[in-house]
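One structure is given below, encoded as structure tokens.
Number of protein chains: 2
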Amino acid sequence: MDVLPHADIYNEDGVVRASFLSQIGAAIADRDVLALKADVGRLHQSELGDLLEALLPEQRRALVDLLGNDFDFSALTEVDDAIRAEIVDHLPNDQIADAVKDLDSDDAVYILEDMDEEDRQEILSKLPFTERIRLKRALDYPEETAGRRMQTEFVAVPPFWTVGQTIDYLRDDTDLPDRFSEIFVIDPTFKLLGAVYLDQILRTKRSTKIEDIKHETRHAIPATMDQEEAAREFEQYDLLSAAVVDDNERLVGVLTIDDVVDVIQQEAEEDLMRMGGVGDEELSDTVLATSRSRVPWLAVNLLTAFLAASVIGLFDQTIQKIVALAVLMPIVAGMGGNAGSQTMTVTVRALATREIDIYNAWRIIRREMGVGMINGIVFAILIGLVATFWFENKNIGGIIAAAMVINMFAAALAGILIPLLLDKVGADPAVASSVFVTAVTDCVGFFAFLGLATWWFG
Amino acid sequence: MDVLPHADIYNEDGVVRASFLSQIGAAIADRDVLALKADVGRLHQSELGDLLEALLPEQRRALVDLLGNDFDFSALTEVDDAIRAEIVDHLPNDQIADAVKDLDSDDAVYILEDMDEEDRQEILSKLPFTERIRLKRALDYPEETAGRRMQTEFVAVPPFWTVGQTIDYLRDDTDLPDRFSEIFVIDPTFKLLGAVYLDQILRTKRSTKIEDIKHETRHAIPATMDQEEAAREFEQYDLLSAAVVDDNERLVGVLTIDDVVDVIQQEAEEDLMRMGGVGDEELSDTVLATSRSRVPWLAVNLLTAFLAASVIGLFDQTIQKIVALAVLMPIVAGMGGNAGSQTMTVTVRALATREIDIYNAWRIIRREMGVGMINGIVFAILIGLVATFWFENKNIGGIIAAAMVINMFAAALAGILIPLLLDKVGADPAVASSVFVTAVTDCVGFFAFLGLATWWFG
């Protein structure tokens, strides 16, 4: 393989080089197809994906047009959804059908699944029969399942073959998948009997029967299994690939680690985004789409903010008497909010990785209560001293210190119990925990501080 | 392989079954070594890891003692640092040395790297010469580098061998790694010339020379490369394994996708934890260790909270006149904080995945400013109406609406510019962005709202 070395197209920050970009831009402007084919044809699909994302929309479309059948469609699996949609919409269905035919089935499905039903049907109808059946098999499974992500090309042999027969078959058959790391063992009805890793075949004598070296595929993945759960199997058992089976335990495809790595990335990203109060947005989304997608979370936050404000409203007469309370009250609420979000982050992550369960939940709740108590006391002393000197009033210092201990303890409890409860009732703790925890720490913070002050000075 | 099926030891939530746990607990209490060897010996290393984590500390130590040499040390790579340290401290160095000898080098390094220097040296000195050299080679590379994570066992052949010779070598050699997916091609000085995937060997005639089917390993990983960067190479180029080379481009080991998946998980987790204001803590840490590790972030937050409080202090006379301002001011600050953290989450994630760069930064800044403006206006109208009716004062409604637009716009700017600037100066945006963004939205929120009110009501 004679490929442009990686270092050539990226700068030291891992970003596409400006010089490479302007070279491509110039070739597009000149409609210099030969130069483009030479420069772009050498790129790995993911490098071409990065190049497409760095180009301007009109350059992107021009590049795809100029390359024609030399455009590597698998690069579309490496770009943002919006950019893929833009390119796919721009191309005639004939050209897409032509390109999809040569892709691995998992890449083809990735491109087809986001298209309009009508366009997808038209493209499928233009494909050769076997190819169409293969893709439909994957597309018929629901989104985000193992069946949707699997590759329908695989190598399978009967158990009574010898290692020698298997190697001869691999040498003769030209219709093998591009790359494979295990060979499946099936009966005549495609029922999965086991699998053999390639290194096992290579280290075994030609006369040995496959059934003697096959291992049971105890990690066969049902096609309807959620992709996240399938990814967890890969992680737990260090799998490189796994057989995907239908309801009758018949082999229908293979899931490979490279697809699973994408799922793992995506799931970790989803948790992070949800905790930050953003949904499935992408950088290429428009201003309006982005602002719309962020409104619901802000609206919920507005409701809880009014709730906190009405707690303050209960004590407006005390505030009028002692304005220092208004100055100090956001400190109590803010510190509680921070401590609560620390606990919540740890809890949400532990739930996602299944590190927290019935055996250790109680121990972890006690630990968080202890941490909340200790840090509450530490910062109560600090804040009490500062407030005493600032307002030259040790009553205010004492009251804010007491409120701080109460709110830090409440924050710890809310930070662990709210995600656990949400998980228990089947809600996603990453989505909703943050807003509830802040509501608790704001309300408890204001109530404890202003309530104590009203009772003391009252 | 005759292994207990997965479904047997976990319940439907993926947690170790209570019945399995009590069965093991009873066998430990009875010191029933035979039953334990039967039940535990059948577990995959990660299942044994989960079992260890679910047991009580004294049960854990008793189990390891009872199993003796039948304890699968690779399970220690699957448990929390604290639990690994507890078990390793408990065992005599002789037994550890004996077990480490049989582990893959990457697993052995994983266990050795966290031990005391003294214990590590003692264990290394008890190992056979070649094994000791292999482990030292990896341990000499800094933590979190590819060299530290690599496996030092690999299969390498000279370029002039034929496919047939290679297969015969694999059939004869008993000292091969447990599992491998590519064969490296080296010269007599171990200089890396290329690699061949196993499926290529299987589909090629015996007489073909290795040099004719080898591909250039353009993704050879320098041993000193950061593990996170190595993981990014794996993701970008869908690698299953990669050669690790020293400064002289000599092959020293192989990095495999299963180790990389752990790194990817770990890095995603680090980002999430840092944004939530928590460090490298684990669920098994003690109360004191946890509370200490969370103090720095809370302390920084305390400073910025005092900054925000002193902004309020500037306007104490206005608040005394109109207490409604004290009731409403947390809403303006809180909404800004939320909008800012939405923008910040998207930016931090885009920086981590390198989706944001000099080509699109300006476009994304403009997009965020647009989103901030639109959502600012939407919520300004809402909040202005509610405040007008609540306090029966349309001046207050107008002032809070204006302050809201200003703060949501400031939140958008802070949410994108602060992470970008931190990244530019080489700081980790995930660690520090949150505290700066909140400081901006609190101060701007209070200043805009109270300042406008002071100017208007004068």
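Chains as they are written, first to last, in the UniProt record's numbering: chain A, 1 to 458; chain B, 1 to 458.
All C-beta atoms in this analysis are idealised placements derived from N, C-alpha and C, irrespective of residue type, glycine included.
Being a predicted model, the structure only gives us computed values, none of them experimental.
* Asked: Using 8 Å as the Cβ pair cut-off and three pairs as the minimum, do the segment 103-115 of chain A and the segment 69-87 of chain A touch?
  -> yes
* To do: Kindly confirm or deny that the segment 321-331 of chain B and the segment 116-135 of chain B touch, where touching means at least three C-beta pairs closer than 8 Å.
  => no
* Asked: A:V425 to B:G49, Cα distance in whole Å?
  -> For this step, residue 425 of chain A is matched to residue 425 along the first sequence. For this step, residue 49 of chain B is matched to residue 49 along the second sequence. A:V425 and B:G49: Cα-Cα distance of roughly 28 Å.
* Put A:R149 into one of helix, strand or coil per three-state DSSP. => Numbered from 1 along the first sequence, position 149 holds the residue referred to as residue 149 of chain A. In this structure, A:R149 counts as helix in the three-state DSSP scheme.
* Asked: What residue does the beta strand (DSSP E) around B:G253 start on, and which one ends it?
  -> For the purposes of this step, residue 253 of chain B is taken as the residue at position 253 of the second sequence. Looking at the DSSP string, the run of the beta strand (DSSP E) that includes B:G253 is 251-256.
* **Residues near B:F180 in its chain [Cβ-Cβ closer than 6 Å; skip 5 each side]** => Along the second sequence, one-based indexing puts residue 180 of chain B at 180. Excluding positions up to five away in sequence, the list reads V155.
* Asked: What are the uninterrupted segments assigned as beta strand (DSSP E) that are 3 or more residues long and contained completely in the segment 307-363 of chain B, given in chain order?
  -> none
* May I have the straight-line CA-CA distance separating A:G334 from B:V260, to the nearest angstrom? => Here residue 334 of chain A is taken as the residue at index 334 of the first sequence, counted from 1. Here residue 260 of chain B is taken as the residue at index 260 of the second sequence, counted from 1. Using only the alpha carbons, I get a separation of about 38 Å.
* Excluding the five sequence neighbours on either side, which residues of its own chain have a C-beta within less than 6 Å of the C-beta of A:T343, listed in chain order? -> Translated into the one-based positions of the first sequence, residue 343 of chain A becomes position 343. Once the five neighbours on either side are set aside, the close Cβ partners of A:T343 are E368, A412, G415, I416.
* Asked: Is the beta carbon of A:I96 sitting closer than 8 Å to the one on A:R60?
  -> Start at 1 with the first residue of the first sequence, and residue 96 of chain A comes out as number 96. Start at 1 with the first residue of the first sequence, and residue 60 of chain A comes out as number 60. In this structure, A:R60 does not lie closer than 8 Å to A:I96 by Cβ.
* Asked: Going by beta carbon distance, what residues of the same chain come within less than 6 Å of B:K209, once the five residues before and after it are set aside?
  -> Locating residue 209 of chain B in the second sequence gives position 209, counting from the first residue. Correct list, in chain order: T162.
* To do: Ignore the nearest five residues each way along the sequence and tell me which others in A:R349's own chain have a CB closer than 6 Å to its CB.
  => Taking the first residue of the first sequence as position 1, residue 349 of chain A is located at position 349. Here the set comprises nothing.
* Taking the continuous beta strand (DSSP E) assigned at A:G194, which residues delimit it? -> Here residue 194 of chain A corresponds to residue number 194 of the first sequence, with the count starting at 1. Element bounds for A:G194: 192-197.
* Can you list, in chain order, the residues of its chain whose CB lies under 8 Å from that of A:A195, leaving out five sequence neighbours each side? -> Taking the first sequence and counting its residues from 1, one reaches residue 195 of chain A at position 195. E182, I183, F184, V185, K214, H215, T217, A243, listed in sequence order.
* **Expected contact under 8 Å - CB spacing of A:K205 and B:R171 to nearest Å** => Residue 205 of chain A sits at position 205 when you count from the first residue of the first sequence. Residue 171 of chain B sits at position 171 when you count from the first residue of the second sequence. Going by Cβ atoms, the distance from A:K205 to B:R171 rounds to 6 Å, so yes, they are a contact pair.
* What do you get for A:R366, buried or exposed, if any count of 16 or more other CB atoms within 10 angstroms of its CB means buried? -> Against the first sequence, residue 366 of chain A aligns to sequence position 366. Exposed: under 16 other Cβ atoms inside 10 Å.
* Asked: Shorter than 8 Å from the beta carbon of A:Y110 to some beta carbon of chain B?
  -> Mapped onto the first sequence, residue 110 of chain A falls at position 110. By this cut-off, A:Y110 is not an interface position.
* To do: Use the C-beta contact count for B:T290: other C-beta atoms within 10 angstroms, 16 or more gives buried, fewer gives exposed.
  => If you number the second sequence from 1, residue 290 of chain B lands on position 290. Looking at its Cβ environment, which holds 16 or more other Cβ atoms inside 10 Å, B:T290 is buried.
* To do: Specify the secondary structure class of B:E182 as computed by DSSP and reduced to three states.
  => Here residue 182 of chain B refers to the residue found at position 182 of the second sequence. Note: B:E182 maps to strand in three-state DSSP.
* Confirm, please, whether the CB-CB distance from B:I28 to A:L240 is below 8 Å. => Your numbering for residue 240 of chain A matches position 240 in the first sequence. Your numbering for residue 28 of chain B matches position 28 in the second sequence. Cβ distance not < 8 Å, so A:L240 and B:I28 don't count as in contact.
* To do: Would you kindly report the start and end of the unbroken beta strand (DSSP E) that includes A:S241?
  => Here residue 241 of chain A corresponds to residue number 241 of the first sequence, with the count starting at 1. Per DSSP, A:S241 belongs to the beta strand (DSSP E) from 241-245.
* Per-residue contacts from A:M335 into chain B (C-beta, under 8 Å) -> In the first sequence, the residue the question calls residue 335 of chain A occupies position 335. Chain B residues near A:M335: L298, N301, L302, A305.
* Quick one, which of A:V371, A:M404, A:D8 has its alpha-carbon nearest B:T286's? -> Stepping through the second sequence from its first residue, residue 286 of chain B is reached at position 286. Selected option, being the one with the closest Cα: A:V371.
* CB-CB length for A:G340 against A:V440, believed under 8 Å -> For the purposes of this step, residue 340 of chain A is taken as the residue at position 340 of the first sequence. For the purposes of this step, residue 440 of chain A is taken as the residue at position 440 of the first sequence. Confirmed, Cβ separation roughly 7 Å.
* Asked: Which residue's Cα is closest to the Cα of A:R134: A:E153, A:A146, A:E143, A:D262?
  -> Taking the first residue of the first sequence as 1, we reach residue 134 of chain A at position 134. When each option's Cα is compared against that of A:R134, the closest is A:E153.
* To do: Report, in whole angstroms, the separation of the C-beta atoms of A:Y110 and A:A223, which I expect to be a contact under 8 Å.
  => The count along the first sequence starts at 1 and reaches residue 110 of chain A at position 110. The count along the first sequence starts at 1 and reaches residue 223 of chain A at position 223. The pair is not a contact, with the Cβ atoms about 16 Å apart (cut-off 8 Å).
* **Which of helix, strand or coil DSSP assigns to A:P57** => What you label residue 57 of chain A is simply residue 57 of the first sequence in a count that begins at 1. In this structure, A:P57 counts as helix in the three-state DSSP scheme.
* How about B:K424: is its C-beta nearer than 8 Å to some C-beta of chain A? -> Start at 1 with the first residue of the second sequence, and residue 424 of chain B comes out as number 424. With 8 Å as the cut-off, B:K424 does not count as an interface residue toward chain A.
* To do: Rank B:R17, B:L56, B:E53, B:D70 by C-alpha distance to the C-alpha of B:A35 and give the top, closest one.
  => Taking the second sequence and counting its residues from 1, the one referred to as residue 35 of chain B is at position 35. Checking every option, the nearest Cα to that of B:A35 belongs to B:D70.
* Output the distance between the C-alpha atoms of A:P419 and A:L351, rounded to the nearest integer angstrom. => Here residue 419 of chain A corresponds to residue number 419 of the first sequence, with the count starting at 1. Here residue 351 of chain A corresponds to residue number 351 of the first sequence, with the count starting at 1. Their backbone Cα atoms lie some 8 Å apart in a straight line.
* Asked: Which value, in whole angstroms, describes the spacing of the CA atoms of B:L105 and A:E211?
  -> As a first step, residue 105 of chain B is located in the second sequence; it is residue number 105 there, counting from the start. As a first step, residue 211 of chain A is located in the first sequence; it is residue number 211 there, counting from the start. Residue 105 of chain B is actually Ser in this sequence, not Leu. Those two C-alpha atoms are separated by around 31 Å.
* Return the CA-CA distance between A:T130 and A:K136, expressed in angstroms with no decimal places. => Counting from one through the first sequence, the residue named residue 130 of chain A turns up at place 130. Counting from one through the first sequence, the residue named residue 136 of chain A turns up at place 136. C-alpha separation (whole angstroms): 10 Å.
* Asked: Where does B:I358 land, buried or exposed, given buried means 16+ other C-beta within 10 angstroms?
  -> For the purposes of this step, residue 358 of chain B is identified with residue 358 of the second sequence, where counting begins at 1. Burial call: exposed.
* Can you tell which of B:D107, B:P128, B:I374 has the C-alpha that lies nearest to the C-alpha of B:D94? -> As a first step, residue 94 of chain B must be located in the second sequence, where it is residue number 94. Closest by alpha carbon: B:P128.
* Relative to the alpha-carbon of B:L298, which residue among A:R294, A:I383, A:L251 has its alpha-carbon at the smallest distance? -> Numbered from 1 along the second sequence, position 298 holds the residue referred to as residue 298 of chain B. The option with the nearest alpha carbon to B:L298 is A:I383.
* Asked: Three-state secondary structure (DSSP) at A:M222?
  -> By 1-based counting over the first sequence, the position of residue 222 of chain A is 222. First, the residue type needs correcting, since residue 222 of chain A is Pro and not Met in the sequence shown. Note: A:P222 maps to strand in three-state DSSP.
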